[in-house]
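Quick note: the sequence shown, position 53, residue 81 per the working numbering, numbers continuous. Just so you know, even glycine gets a beta-carbon here, dropped at the ideal spot from N, CA and C. Please read these numbers as outputs of a predicted model, since none were measured by experiment. Just below is one structure, and these are the notes that go with it.
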Amino acid sequence: MASFFFIIFLQKMKIALLGYGRMGKEIERIALERGHQISLIIDIHNQDDIKKTQPGMIDVAIDFSTPHSAYQNILNCFEADIPVVCGTTGWLDHFDEIKKTCEDKKKCLFYASNYSVGVNIFFKLNAWLAKVMNRYKEYEVGITEIHHIHKLDAPSGTAITLAENILTNLNNKNKWLLSPAVSEEAISITAIRENEVPGIHTTKYESDVDYIELTHSAKNRIGFALGAVLAAEFINGKRGLYGMDDLLEI
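Okay, here's the thing in C-alpha cells:
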C-alpha cells in the first residue's frame with residue numbers, strides 16, 4: 029500500500045476546494061504538504077466560479093461543502109469538465125441522476141460517505157459480521173453514530189452505508205429508520221451530536237444474554253482529509269464513477 033500512495037504522490041495537481049470549513053482547511057494543509065497547489069476556493073458566495081475556469085487551470089476539485097451546495101457543485105464541475113471528489117453527505121436523493129449524468133457525459137466523480145482508510149476496513153468487517161449474524165435471529169441489530177454539533181445531516185452518510193451493508197446481508201431487515209422511529213423490519217440508527225467529536229460509529233447486535241459490538245472511533249479529521257486527497261490523486265485524468273474500494277483495492 030505504501031508504494032501505491034508514493035506513485036500517486038508524484039503527480040502534482042492544481043486543486044479547487046469546494047467548501048472551506050474545517051475539512052476544507054485540513055485538506056488544503058495535506059494537499060500542500062504533498063506538493064499540490066490550491067488554485068481556487070469556492071464557497072457559497074462564488075459557487076459559479078468553477079464554471080469560469082479555463083482548460084488546464086484546475087486538475088481536480090474536492091467538495092466538502094453542504095448537502096444543499098454539493099449537488100450543484102458536482103454539476104458545475106461536470107460542466108467545466110473537471111473531475112470531482114465529493115465527501116459531502118445528505119444529498120444522495122440526487123445520486124442516481126448524478127451517476128447517469130456522469131456516465132452519459134463521460135465525466136468523473138469519486139464519491140464516498142467516508143474517506144478514512146480505517147472506516148472502509150470497518151465497512152468490510154460490518155458486512156462480514158452481518159452475514160454471520162443472519163443465522164442468529166435472537167440478536168437485534170442497531171447503529172449509533174456520534175458527531176460534533178456542527179454536522180448538518182443526520183444520520184451520517186457513514187451510518188447509512190453501515191445500514192445498507194447490513195440490509196444486503198441480513199434477511200429479517202428491509203430498511204433503516206432514524207431513532208426514535210421503530211419497526212421490527214428496520215435497523216434503528218441513533219444520531220447523537222456532541223461537542224467536537226470527529227466521528228464514532230458503532231454497530232451492535234444484542235440478545236437477552238449478551239451483545240456484540242463493532243466500533244470505529246476517529247481521533248481527528250486527518251484520516252478523512254488524507255483519504256480525500258488520495259482520491260483526488262487517483263482520479264486525476266480519469267473518467268467514470270469511483271469509490272474507496274477502487275482506491276484501496278479492498
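Residue environment, D124, which counts as buried when at least 16 other CB atoms sit within 10 Å: Along the sequence shown, one-based indexing puts residue 124 at 96. The Cβ neighbour count for D124, taken over all protein chains shown within 10 Å, is under 16; the residue is labelled exposed.
Alpha carbon to alpha carbon, how far is S67 from V160? Give it in angstroms, no decimals. Looking up residue 160 in the sequence shown gives position 132. Looking up residue 67 in the sequence shown gives position 39. Roughly 48 Å separates the two Cα atoms.
Looking at the structure shown, is L198 part of a helix, part of a strand, or coil, going by DSSP? As a working mapping, residue 198 is identified with position 170 in the sequence shown. Correct three-state label for L198: coil.
Examine the Cβ distances between the segment 173-180 and the segment 123-143 and report whether three or more of them are shorter than 8 Å. The segment 173-180, when compared against the segment 123-143, does not touch it at the 8 Å Cβ threshold.
Residue environment, P83, which counts as buried when at least 16 other CB atoms sit within 10 Å: Within the sequence shown, numbered from 1, the residue matching residue 83 stands at position 55. Under this definition P83 is an exposed residue.
Do you know offhand how far I72's Cα is from T231's? Against the sequence shown, residue 72 aligns to sequence position 44. Against the sequence shown, residue 231 aligns to sequence position 203. In a straight line, the C-alpha of I72 is about 35 Å away from that of T231.
Looking at the secondary structure, which residues open and close the beta strand (DSSP E) in which I279 lies? A query on residue 279 cannot be resolved here, the shown segment of the chain reaching from 29 to 278 and no further.
For V147, count neighbouring Cβ atoms within 10 angstroms of its own Cβ and tell me buried if that reaches 16, exposed if not. Position 119 of the sequence shown holds residue 147. Buried, by the Cβ-count rule.
Quick check on the DSSP output: what are the complete beta strand (DSSP E) runs of length 3 or more inside the segment 173-220, in order along the chain? List check, beta strand (DSSP E) in window: 203-206.
Taking only the alpha-carbon atoms, compute the straight-line gap between N197 and E168 and give it to the nearest angstrom. Position 169 of the sequence shown, counted from the start, is the residue given in the question as residue 197. Position 140 of the sequence shown, counted from the start, is the residue given in the question as residue 168. Between N197 and E168, the C-alpha separation is close to 14 Å.
Those residues which DSSP pairs with G268 across a bridge: On the sequence shown, position 240 is the one that residue 268 refers to. The partner list for G268 (beta bridge, DSSP) reads C136.
Put Q65 into one of helix, strand or coil per three-state DSSP. Numbered from its first residue, the sequence shown carries residue 65 at position 37. Reduced to three states, the DSSP call for Q65 is strand.
With respect to the alpha helix (DSSP H) encompassing V145, which residues constitute its N-terminal and C-terminal limits? Numbered from 1 along the sequence shown, position 117 holds the residue referred to as residue 145. From DSSP, the alpha helix (DSSP H) with V145 extends over 145-161.
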